[in-house]
Amino acid sequence: MKIFITKKIPQKGIDLLKSAGHDISIHDSSTPLSETELIKASQQVDYVLNGGMQKFDANFFQNCPNLKALSLMSVGYDNVDISAATQHGIPVSNTPGILSGATADVAFLLMLSVSRKAFFNHKRILQGEWKGFDPTANLGIELNNKTLGIYGLGRIGFEFARKAKAAYNMEIIYYNRSRNEEAEQILGARYVNFDDLLTRSDVLSIHAALTAETKNRFDKNTFTRMKNSAILVNTARGGLVNELDLTEALQTGQLWGAGLDVTDPEPMDPKNPLLTMENVCILPHIGSATVETRDNMALMAASNLLAAIKGEKMPQIINKEVYQ
Ligand SMILES: NC(=O)c1ccc[n+]([C@@H]2O[C@H](COP(=O)([O-])OP(=O)(O)OC[C@H]3O[C@@H](n4cnc5c(N)ncnc54)[C@H](O)[C@@H]3O)[C@@H](O)[C@H]2O)c1
Ligand SMILES: O=C(O)[C@H](O)CO
-10 MKIFITKKIP
0 QKGIDLLKSA
10 GHDISIHDSS
20 TPLSETELIK
30 ASQQVDYVLN
40 GGMQKFDANF
50 FQNCPNLKAL
60 SLMSVGYDNV
70 DISAATQHGI
80 PVSNTPGILS
90 GATADVAFLL
100 MLSVSRKAFF
110 NHKRILQGEW
120 KGFDPTANLG
130 IELNNKTLGI
140 YGLGRIGFEF
150 ARKAKAAYNM
160 EIIYYNRSRN
170 EEAEQILGAR
180 YVNFDDLLTR
190 SDVLSIHAAL
200 TAETKNRFDK
210 NTFTRMKNSA
220 ILVNTARGGL
230 VNELDLTEAL
240 QTGQLWGAGL
250 DVTDPEPMDP
260 KNPLLTMENV
270 CILPHIGSAT
280 VETRDNMALM
290 AASNLLAAIK
300 GEKMPQIINK
310 EVYQ
């Protein structure tokens, strides 16, 4: 079968597909494909594996009538019009679970880095501004026994809460579409309403998927409800946060700090004022970026595709209804 991979993925995934005898073409470039290029390349194959953050909209599915399945090497699928895929009979799969630990580590890294102004202090050394030990300058805030609020307590939110509880005995509160009994039993997490999440969190970490409902969920109104001493962490998707409102909230001291692994757009403009702020730490979407996790994601994405090729259900199917 002919398979198109939209961005180079770890070799283990490619080898798995090749060992099954398939004909693979890869877009091996740091420049994402344009919509036209993506459609053109996908029209010539039976299966697509998305290694990047390409968008698959209704127009894509309409223009690729021979496509049989789409495998994503990501857990997030806000870049895919799932209902259009289903309408065209295309099963779509993702890579849940195996990246939760690595992504929770990045949420932890950002929480701690913001609380101690780590990135800013690093920049001071680079710029020759470190004049020696100073007892009153660059003071951070401690995390011990503070309250961690999780927005979207699913797989990654749970892992992050578990690490934060173990390291700092943080009290865990959460807001979710439904109760998470495992987190309540294991971590003593308490379900609260959205407003309580805003007003009670010392650190508020975002872990829900980007959907029409969650887009811009964190804006001026929400920041006004949060503590002035609070830290916002986002490792989910940039679109959940209104970036201009966040910038203003940080500039005016409405919020103490922010740690972002995701922005909207990506890549972020290097001139963005958030990058120069003392109380902000930003990373370039590296939540799942470890050798081990990326190997596992590539293998899982390849396995999903192999199942589809054999006429089986993709194990990590998103749109189950396509099989009915
Ligand atoms: N930074 C990265 O590299 C990176 C890596 C992996 C995942 N992600 C992002 O993290 C997201 C979460 O991944 P996951 O595996 O934990 O997903 P998950 O589905 O296990 O957890 C998401 C949780 O959010 C909840 N939720 C959804 N909509 C909600 C809403 N409107 N209000 C409240 N709660 C809501 C769900 O009920 C679920 O419990 C992904 O969708 C992806 O966008 C980012
Ligand atoms: O959704 C995901 O899986 C990430 O954004 C990339 O690992």
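Mind the numbering: the sequence shown is residues -10 to 313 in the numbering used here, read in order. We put the CB at the ideal spot given by N, CA and C, even for glycine.
Sequence-distant residues of the same chain with beta carbon closer than 7 Å to residue i, five excluded per side
i, result
"H274", "D250, V251 and E255"
"G78", "V311"
"K(-4)", "H16, G40 and G41"
"Q305", "S82, N83, T84, P85, M289 and N293"
"E281", "none"
"A296", "K302, M303 and P304"
"K7", "I13"
"L176", "A150, R151, K154 and I161"
"Q313", "none"
Residue i versus residue j - alpha carbon distance
i, j, result
"I13", "N308", "25 Å"
"L221", "I161", "15 Å"
"L59", "L5", "17 Å"
"K209", "Q76", "37 Å"
"I130", "A74", "47 Å"
"T203", "S194", "14 Å"
"S23", "P54", "19 Å"
"L88", "G41", "15 Å"
"A178", "W245", "24 Å"
"I3", "S72", "28 Å"
"Q32", "N52", "7 Å"
"G117", "E267", "16 Å"
"E171", "V181", "16 Å"
"P124", "F212", "31 Å"
"F149", "E237", "27 Å"
"Q43", "S18", "13 Å"
"T20", "D184", "41 Å"
"N110", "F122", "12 Å"
"F49", "S63", "19 Å"
"K299", "Q0", "22 Å"
"T265", "T279", "27 Å"
"I114", "P259", "20 Å"
"L233", "T25", "31 Å"
"C270", "E173", "30 Å"
"A291", "D253", "28 Å"
Cβ-based neighbour list, residue i, same chain, cut-off 8 Å, excluding 5 preceding and 5 following
i, result
"K152", "A93, D94 and F97"
"T188", "R214, M215 and K216"
"N231", "N205, F207, D208 and K209"
"G242", "N217"
"S190", "T136, L137, G138, I162, M215, K216 and A219"
"A333", "Past the boundaries of the shown model lies residue 333; the chain is included only from -10 to 313, so the question cannot be answered."
Short Cβ contact (9 Å threshold) for residue i with residue j
i, j, result
"N205", "G228", "yes"
"G86", "R144", "yes"
"N83", "L61", "yes"
"I15", "I(-6)", "yes"
"S277", "A91", "yes"
"N165", "G146", "yes"
"Y157", "Y140", "no"
"L272", "L239", "no"
"P80", "M286", "no"
"V69", "F108", "no"
"G10", "V103", "no"
"V314", "L235", "Beyond the ends of the chain as shown, which are -10 and 313, falls residue 314; an answer cannot be given."
"D67", "L199", "yes"
"V37", "I(-8)", "yes"
8 Å contact criterion, which residue i and residue j should meet: CB distance rounded
i, j, result
"M100", "D35", "With 8 Å as the limit, M100 and D35 do not qualify as a contact, their Cβ atoms being about 44 Å apart."
"L142", "H196", "7 Å"
"R226", "G65", "6 Å"
"N127", "K154", "No, N127 and K154 are not in contact; Cβ-Cβ is about 28 Å, not under 8 Å."
Contacting residues, own chain, Cβ-Cβ under 6 Å from residue i (five flanking each side not counted)
i, result
"T224", "T92, V95, A96, D250 and G276"
"M320", "This structure leaves residue 320 out entirely; the chain is present only between -10 and 313."
"A47", "D70 and A73"
"W119", "R113"
"L257", "The amino acid occupying residue 257 in the given sequence is Met; Leu does not appear at that position. Hits under 6 Å: none found."
Chain C within 9 Å of residue i, Cβ atoms only
i, result
"I15", "In the structure shown, chain C does not exist; there is a single protein chain."
Can you list, in chain order, every residue whose CB sits closer than 6 Å to a heavy atom of ligand 2? Working through the chain, the matches are S63, V64, G65, L88, G276 and S277.
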